[in-house]
Amino acid sequence: MFFLAGICAALAACSSDSDDVSSSPSNTPAILEVVSYKFVQEETDVVERVEYPVVVLQHKVNNKDEPLPMIYEWDVEEEESSLFVLTEGSLPVNAENLADLKIPVPTIDAVGKLFIDGTGTKTPLIFGETLKVKNGSRSIGNIKYEMPPNSTYELTKQECGYRCTLTFYLVLKAVNKGEGYHLKGRWTGEQLRNKKMTLTDFSDEKGAEKTVLMEAPIELFEKDYETGLD
25 MFFLAGICAA LAACSSDSDD VSSSPSNTPA ILEVVSYKFV QEETDVVERV EYPVVVLQHK
85 VNNKDEPLPM IYEWDVEEEE SSLFVLTEGS LPVNAENLAD LKIPVPTIDA VGKLFIDGTG
145 TKTPLIFGET LKVKNGSRSI GNIKYEMPPN STYELTKQEC GYRCTLTFYL VLKAVNKGEG
205 YHLKGRWTGE QLRNKKMTLT DFSDEKGAEK TVLMEAPIEL FEKDYETGLD
């Protein structure tokens, strides 16, 4: 009896110790907030132009003896690519709300000029993963054109823009613990603000010739647009 009582007492003590550990402050999930952030362009950080392959939007064959009216419509929410990578410092293992924290990233305009003024797209602080983040812009429009009899037309789009990698400094604080985290890393952003459409005539039977009928920035077509082709 005394032996069994001793075992029960030992088990009760272990259970009590386990409860103390699980409820200790060190195991409490950290609730973080952003104290400060800064992006710095080092001497080796350059803005690079990027050009993506041409994408075919429409490839149409009009094998009739009468004109064929065509239309291409779109409604797109613009996105930017963003990647945060830590190089110095560490985060709490049990951070509760890290993915909910956002900071505005730098902006690269349509001619490749970099702006680090805190007015860029607010981006989640998710590290080591390239994110596609909506920047609040929306492109809505359509293009109308008419295909002549017995013709082959192709409408294409190409996206171009700029990419840059910068150093960032970030200070986070666990508001429920009073602990601070001083972090350093590299941010890579890619912003495609140059997009153009091209309409090409591929009607030559041998495929040896093609005629570019129209080539213009997509912004031109963000309202109803007609090519004026006969």
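So the sequence shown is numbered by my numbering: it starts at 25 and just counts up by one. Each residue gets a CB set at the ideal place from its N, CA and C atoms; glycine is no exception.
Query	Result
Contact set for ARG162: own chain, Cβ-Cβ below 6 angstroms, skip 5 residues either direction	GLU101
Proximity below 8 angstroms, CB of PRO93 to CB of PRO172	no
Rounded separation between GLU66 and ASP124 - CA only	28 angstroms
Nonlocal neighbours in the same chain, by C-beta distance under 6 angstroms from ASP99, ignoring five residues either side	ILE164
Of the listed residues HIS83, PRO77, LEU81, ILE95, nearest to TYR169 (C-alpha basis)	ILE95
The stretch 104–114 in contact with the stretch 65–81 per 3-pair CB rule at 8 angstroms	no
Proximity to VAL257 [Cα-Cα], best of LYS201, SER175, LEU196	An answer regarding residue 257 cannot be provided, because it is not within the stretch 25 to 254 covered by the chain.
Cβ neighbour criterion (16 or more within 10 Å) applied to ARG217	buried
Same chain, Cβ closer than 8 angstroms to PHE151, neighbours up to 5 away in sequence not counted	PHE108, VAL109, LEU110, LEU115, GLY209
Alpha-carbon to alpha-carbon, VAL117 and GLY160	32 angstroms
Cβ pair count under 8 angstroms reaching 3, the stretch 70–80 against the stretch 182–196	yes
Spatial neighbours of LEU155 in its chain, beta-carbon cut-off 8 angstroms, leaving aside the 5 residues before and after	SER105, SER106, LEU107, THR147, PRO148
7 angstroms CB neighbourhood of GLU97 in its chain, flanking five on each side removed	ASN166
Collapsed DSSP secondary structure at ALA134 in the structure displayed	coil
Through-space distance from LYS126 to PRO53, alpha-carbon basis	19 angstroms
Three-way DSSP call (helix, strand, coil) for ASP69 in this model	coil
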